[in-house]
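**Q** Sending over a structure as structure tokens; questions will come in a sec.
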Amino acid sequence: MSGKPLLDEMLASPSAAPAIGLLDQSRPLDNPETNLAIGQGDGIRRFSVYLPTAAFDLEAELDFLTRRSIDQNIFFAPQFLIPAMPRLDERHVRLMVVRDEGPQRSRLRFLMPYSIERTGFLGGQPAIRAWTHPFGPLGTPLVDSDDPEATLESLLDTLSHKELGFPSILVLPEVRSDEPFAKTLLATAARLGLPVATAHRFERAALDAGPGASMAGVLSSKRRRELQRQRRLLEAKGSVTFDIARAPHEVRPAMEEFLGLEASGWKGRQRSALIMDRYRAAFARESIHKLAEKDRVRIFTLRLDGEAIASLVTFVIGGEAFAWKMGFDEAHGAASPGLQMMVLATEALIADPEVVRADSCAVPDHFLMNRLWKQRLPIETLVVGLTRDSGRAVERAAQGLEQMRRTRNAARLMRQRVKAVFGRS
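Counting along the sequence shown from 1, when you hit position 138 you're at 138 in full-length UniProt numbering, and nothing is skipped either side.
Right, dumping it as structure tokens:
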């Protein structure tokens, strides 16, 4: 590609911050798969679809949009997204972009990585699906905070153009239903007369770490006493310490310790630990290191005589933390090192002035996170029809997605039962 990165001086200068994300019109990205200009006042609003490799040329703009988005989504930040796209699954992921162009500059207004997928088994309807995966459980697109209503309205209108060849259904998995993006999207769809359905609703544990938050609401006196007893079990074995890796030179070794801990436990036995797959391991290392360079990583580690026995990898952006991955040494299971580490990490997050809320990124019934973090984030999959007469298709798509989810869950439970039976034999 011929696109050049923004000048390093622009990125380094605080006074130039408003200019980050504005590209000189003389350096457009090459060869979008789809490119449609839409009238927009004095300038042009342009809808484009790119191959994943275009993200390299978009990195500075994407980082700017990540910070300006009406909802935070660390998993679509370029430091995470670029390493993830070529390595995590075999879906054909593309980048959907909306930008405003003027005589001298261009600014991203919207970004969504997506794929075209069926909404049911055996020939379900095709849909545009925002890209989520087990390592990025949030499907909220990035939408610039400057007039997001107009941006989403032009997006929904553009996607309905038949000449573009898109399916007539948009699926947004794992979106926070009470956040600005979901509310703006629903209001925009209602204004345009577009049908909307929900495929799956659940709640995810979260931590209120804003002003006035304290540990008093995290642990009951009974659980605190039990935790103190377990702490004494560890201290009887050696020196117990807790540290936080934040600077890049601290994050690198802490990440390697986490990878080793994860592989030493049940994920290692099931061959699902990150380090068991060279592509996933490369993605994890690269994304963590790139995010650390932006001060967006905290790795909390509990140690016994200097050796890591529990670790939590957390991302931080825009006042929000994302508890991404946790591992612990099962050899010390009687002392609950994972719980001990999570309590200390919770205390550190509450004390961190850059964090006002933390998303557990956990499954709905996660025993540990639900015990500690009392706040709940409502999550749902939104299914949006792109034409006014697509109501029945939207309902069928939502039903198909729900059926697929239930079938996969049943298959997962069956595999677990089979493994448990053969494990005892």
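All residues carry an ideal CB built from backbone N, CA and C; glycine is no exception.
Counting only runs that start and end within the region 141-197, where is the alpha helix (DSSP H) found for 4 or more residues in a row?
**A** Complete alpha helix (DSSP H) runs here, min 4: 148-159, 180-192.
**Q** I'd like to know if Arg252 contacts chain D, where contact means its C-beta is closer than 8 Å to some C-beta of that chain.
**A** Judged by its chain identifiers, the structure shown contains no chain D, having just a single protein chain.
**Q** Less than 8 Å between the CB atoms is what I'm expecting for His366 and Ala205, so what's the real figure, rounded?
**A** Indexing the sequence shown from 1 puts residue 366 at position 366. Indexing the sequence shown from 1 puts residue 205 at position 205. At roughly 6 Å, the Cβ-Cβ gap stays under 8 Å, so His366 and Ala205 are in contact.
**Q** How would you write the range of the beta strand (DSSP E) that Glu235 sits in, first residue to last?
**A** For the purposes of this step, residue 235 is taken as the residue at position 235 of the sequence shown. Unbroken run through Glu235 is the alpha helix (DSSP H), 221-235; no beta strand (DSSP E).
**Q** If you compare alpha carbons, which of Pro78, Leu339, Val383, Ala358 is closest to Ala209?
**A** Along the sequence shown, read from residue 1 onward, the residue named residue 209 stands at position 209. Cα-wise, what sits closest to Ala209 is Ala358.
**Q** Is there contact between the region 215-230 and the region 264-277, where contact requires at least three CB pairs shorter than 8 Å?
**A** Touching, no, given that fewer than three Cβ pairs across the two stretches are closer than 8 Å.
**Q** Would you grab the beta carbon distance between Ala334 and Leu185 for me? Rounded to a whole angstrom, and I think it's under 8 Å.
**A** For the purposes of this step, residue 334 is identified with residue 334 of the sequence shown, where counting begins at 1. For the purposes of this step, residue 185 is identified with residue 185 of the sequence shown, where counting begins at 1. Contact doesn't hold; Cβ gap of about 48 Å is too wide.
**Q** Return the chain-ordered list of same chain residues with a C-beta closer than 7 Å to the C-beta of Arg338, the five sequence neighbours on each side being excluded.
**A** Residue mapping note: residue 338 aligns to position 338 of the sequence shown, counting from 1. Going by the sequence as given, residue 338 is Gly instead of Arg. Within the same chain, Gly338 has close Cβ partners Ala310, Met326, Phe328, Leu368.
**Q** Going by Cα to Cα distance, which pick from Ile288, Gln340, His161 is closest to residue 434?
**A** The chain is shown from 1 up to 425; residue 434 falls before or after that span and cannot be answered.
**Q** DSSP puts Glu320 in a beta bridge; with which residues?
**A** Locating residue 320 in the sequence shown gives position 320, counting from the first residue. Its beta-bridge partners are Ile317, Arg357.
**Q** Just checking, does the region 247-261 make contact with the region 342-352 on the three C-beta pairs under 8 Å criterion?
**A** Taking 8 Å as the limit for Cβ pairs, the verdict is that the region 342-352 does not touch the region 247-261.
**Q** Under the assumption that Arg94 contacts Leu51 (Cβ atoms under 8 Å), give the Cβ distance between them as a whole number of angstroms.
**A** On the sequence shown, position 94 is the one that residue 94 refers to. On the sequence shown, position 51 is the one that residue 51 refers to. Confirmed, Cβ separation roughly 7 Å.
**Q** With three or more beta-carbon pairs closer than 8 Å as the criterion, would you say the region 71-91 touches the region 145-155?
**A** They do not touch, by the three-pair rule.
**Q** Note down, in chain order, each residue of its chain lying with its Cβ closer than 8 Å to the Cβ of residue 450, except the 5 sequence neighbours on either side.
**A** Since the first residue shown for the chain is 1 and the last is 425, residue 450 is missing from the structure and cannot be characterised.
**Q** Assuming residue 446 and Ala393 form a contact by the criterion Cβ under 8 Å, report the distance between their Cβ atoms to the nearest whole angstrom.
**A** The shown model of the chain, from 1 to 425, leaves out residue 446, and the question about it has no answer.
**Q** Report the start-end ranges of each alpha helix (DSSP H) in the region 353-399 that is 4 residues or longer and not cut off at the edges.
**A** Qualifying alpha helix (DSSP H) stretches, in chain order: 367-372.
**Q** In this structure, how does DSSP classify Ile70 when only helix, strand and coil are distinguished?
**A** In the sequence shown, the residue the question calls residue 70 occupies position 70. DSSP places Ile70 in coil when its eight states are reduced to three.
**Q** Using the Cα positions of Asp352 and Met255, report the straight-line distance between them to the nearest angstrom.
**A** For the purposes of this step, residue 352 is taken as residue 352 along the sequence shown, with counting starting at 1. For the purposes of this step, residue 255 is taken as residue 255 along the sequence shown, with counting starting at 1. Asp352 and Met255: Cα-Cα distance of roughly 21 Å.
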